[in-house]
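S.K.: Here the sequence shown is numbered in this note's numbering, starting from 29 and rising by one per residue. Below is one structure. I have some questions about it.
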Amino acid sequence: MANGPETSNTAERAELQSLVRRHGEELASQLRLHHRNTFPPEAEKTIRHFSPAEAAKLIGIHEGYLRQVAAEGGSIAPEIKNGRRTYSVESIHEIRKYLDHGARGHRRYLPHRTGTEHLQVITVMNFKGGSGKTTTSAQLAQYLALHGYRVLAIDLDPQASLSALFGFQPELHVSENETLYGAIRYDEKRRPISEVVRGTYIPDLHLVPGNLELMEFEHDTPRALMRRKPGDTLFFARIGQALAQAQNLYDIVVIDCPPQLGYLTLSALTAATSVLVTIHPQMLDVMSMAQFLQMTGDLLEEVAQAGASTNYDWMNYLITRFEPGDGPQNQMVAFLRSIFKQHVLIHPTLKSTAISDAGLTNQTIYEVERSQFTRSTYDRAIESVNSVNAEIEGLIRRAWGRAV
Ligand SMILES: Nc1ncnc2c1ncn2[C@@H]1O[C@H](COP(=O)(O)OP(=O)(O)OP(=O)(O)O)[C@@H](O)[C@H]1O
Ligand SMILES: [Mg+2]
Numbered sequence: 029m030a031n032g033p034e035t036s037n038t039a040e041r042a043e044l045q046s047l048v049r050r051h052g053e054e055l056a057s058q059l060r061l062h063h064r065n066t067f068p069p070e071a072e073k074t075i076r077h078f079s080p081a082e083a084a085k086l087i088g089i090h091e092g093y094l095r096q097v098a099a100e101g102g103s104i105a106p107e108i109k110n111g112r113r114t115y116s117v118e119s120i121h122e123i124r125k126y127l128d129h130g131a132r133g134h135r136r137y138l139p140h141r142t143g144t145e146h147l148q149v150i151t152v153m154n155f156k157g158g159s160g161k162t163t164t165s166a167q168l169a170q171y172l173a174l175h176g177y178r179v180l181a182i183d184l185d186p187q188a189s190l191s192a193l194f195g196f197q198p199e200l201h202v203s204e205n206e207t208l209y210g211a212i213r214y215d216e217k218r219r220p221i222s223e224v225v226r227g228t229y230i231p232d233l234h235l236v237p238g239n240l241e242l243m244e245f246e247h248d249t250p251r252a253l254m255r256r257k258p259g260d261t262l263f264f265a266r267i268g269q270a271l272a273q274a275q276n277l278y279d280i281v282v283i284d285c286p287p288q289l290g291y292l293t294l295s296a297l298t299a300a301t302s303v304l305v306t307i308h309p310q311m312l313d314v315m316s317m318a319q320f321l322q323m324t325g326d327l328l329e330e331v332a333q334a335g336a337s338t339n340y341d342w343m344n345y346l347i348t349r350f351e352p353g354d355g356p357q358n359q360m361v362a363f364l365r366s367i368f369k370q371h372v373l374i375h376p377t378l379k380s381t382a383i384s385d386a387g388l389t390n391q392t393i394y395e396v397e398r399s400q401f402t403r404s405t406y407d408r409a410i411e412s413v414n415s416v417n418a419e420i421e422g423l424i425r426r427a428w429g430r431a432v
């Protein structure tokens, strides 16, 4: 008699397992279908052309001067599309080089760092899921590359949303040992980081994609710690060590962290010269961030005791998905500013359907066309994203000792 409820319990568990698994499989296959429809795997991502006004703004010159420079020559002339002049990212890049080589005064149009300026490694994190880490990382990496910096974006999240935004589906386009795991793993299959870096459709923006294999690092690390020999590089130093091999090729590295505080995130924090914490200004998010910050502080203390360097240039909070008309959000932002003071970036990223709709087709606001949206919607979104990115660019330049 006593095994009545037990039997039914076991039966329910068995059912629950198969139900959950069935739902998981069904959902995964429907999602794959959705992705195939919106972005077929054989489609190569490209970036749109830019209007003369946009190109001039990216280069940092007046439109009239751009016209004059473009009239001077060859590969830097605009292309004519539907009767309109447009510039490709490649030609914008060529114009920067042309301006720098033309010895036109002291200004540099290609803003690459010099020998005394150190590689900036910006780690974007928060263990609150959906706080905007990936969207922020992609937008920042693209903004910087479009402005002429040499950028490496690293997808450290096994969910690989950043890779998907760049047109690489983790299950289709990223094979074994092709993520950062390949460059930080403990065994003999470890390879140089240059072998896991890929080009993208934006010149000078490279990507280390992610997929589920990154999880292995979380499993391997406790074992590696137990079997540790003198001279072994500890987990927290492994990302920094891998980046050191590629140091001279880039100005800025942007790392998109998973929503967890595991060994990957800690290693990214130790490699960081700067930290950006994305935060959606709502009570539950802010409460979970309090916990997150305390845990991070404790863990960093431990890795510092084990010899990790925890020096940094800046650490800032970015308010994401902000709705200016929402009273409670405004109160929350005021509250955060009163506590964290100058560590909260002046500009928030506004909540916008232009940003979320772009995300649905694996694009960022920099890739979609203005004509796809109501003008005011697009303009408000891009203005907010540009302001945030320009503010971060200012922090980078200050860390290099340049004029902002
Ligand atoms: N400013 C914004 N306006 C509207 N939607 C946004 C904005 N920023 C991000 N989103 C949307 O919010 C969702 C979560 O954003 P995102 O993936 O960047 O967060 P995340 O912190 O990386 O999430 P995870 O913790 O799962 O990695 C996405 O659907 C994205 O398109
Ligand atoms: Mg993410």
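Here a beta-carbon is modelled for each residue, glycine too, at the ideal position from N, C-alpha and C. This one's a predicted model, so the numbers in the text were calculated from it and none came from an experiment.
1. Which class does Val282 belong to by DSSP, given the choice of helix, strand or coil?
2. In chain order, what residues of the same chain lie with their CB nearer than 7 Å to the CB of Ala173, ignoring the 5 residues before and after it?
3. Tell me whether Ile383 counts as near ligand 1, meaning its Cβ is closer than 7 Å to at least one heavy atom of that ligand.
4. Can you list every residue whose CB sits closer than 5 Å to some heavy atom of ligand 2, going in chain order?
5. Would you report the Cα separation of Asn31 and Pro237, rounded to the nearest angstrom?
6. Using DSSP with H/G/I as helix, E/B as strand and the rest coil, what is Gly32?
7. For Ala300 versus Ala211, is the C-beta distance shorter than 8 Å?
8. Return helix, strand or coil for Ala181, following the three-state DSSP convention.
9. Quick one: is the Cβ of Leu277 within less than 7 Å of any heavy atom of ligand 1?
10. Go to Asn344, then tell me how far its beta strand (DSSP E) extends in each direction, as first and last residue.
11. Per DSSP, which residues does Ser302 bridge with? Please list them.
12. Can you list, in chain order, the residues of its chain with a C-beta nearer than 6 Å to that of Tyr406? Leave out the 5 residues immediately preceding and following it.
13. Enumerate in chain order the residues of its own chain whose CB-to-CB distance from Gly429 is below 6 Å, with the five nearest sequence positions on each side excluded.
14. Give a single yes or no on whether Gly111 has its beta carbon closer than 7 Å to a heavy atom of ligand 1.
15. Are the beta-carbon atoms belonging to His77 and Ser116 less than 8 Å from one another?
16. Cα separation between Ala216 and Phe194?
17. Taking 7 Å as the cut-off, is the C-beta of Pro186 nearer than that to any heavy atom in ligand 1?
18. Exposed or buried, what is Phe263 when buried is set at 16 or more other beta-carbons lying within 10 Å of its beta-carbon?
19. For Ser380, count neighbouring C-beta atoms within 10 Å of its own C-beta (all shown protein chains included) and say buried if the count is 16 or more, exposed if not.
M.R.: Let's see:
1. strand
2. Val179, Ile230, Asp232 and Leu233
3. yes
4. Lys161, Thr162 and Ser189
5. Reliability of the predicted coordinates at Asn31 is poor, the pLDDT of 47 falling under 50, and no value is obtained from them.
6. Any reading at Gly32 must be qualified, since the residue scores a pLDDT of 48, below 50, and its modelled position is unreliable; the value itself is stated next. Helix.
7. no
8. strand
9. no
10. Trp342 to Ile347
11. Ile150 and Trp342
12. Ala382 and Arg398
13. none
14. no
15. yes
16. Rather than Ala, the amino acid found at residue 216 in this sequence is Glu. Taking the straight line from one Cα to the other gives about 30 Å.
17. no
18. buried
19. buried
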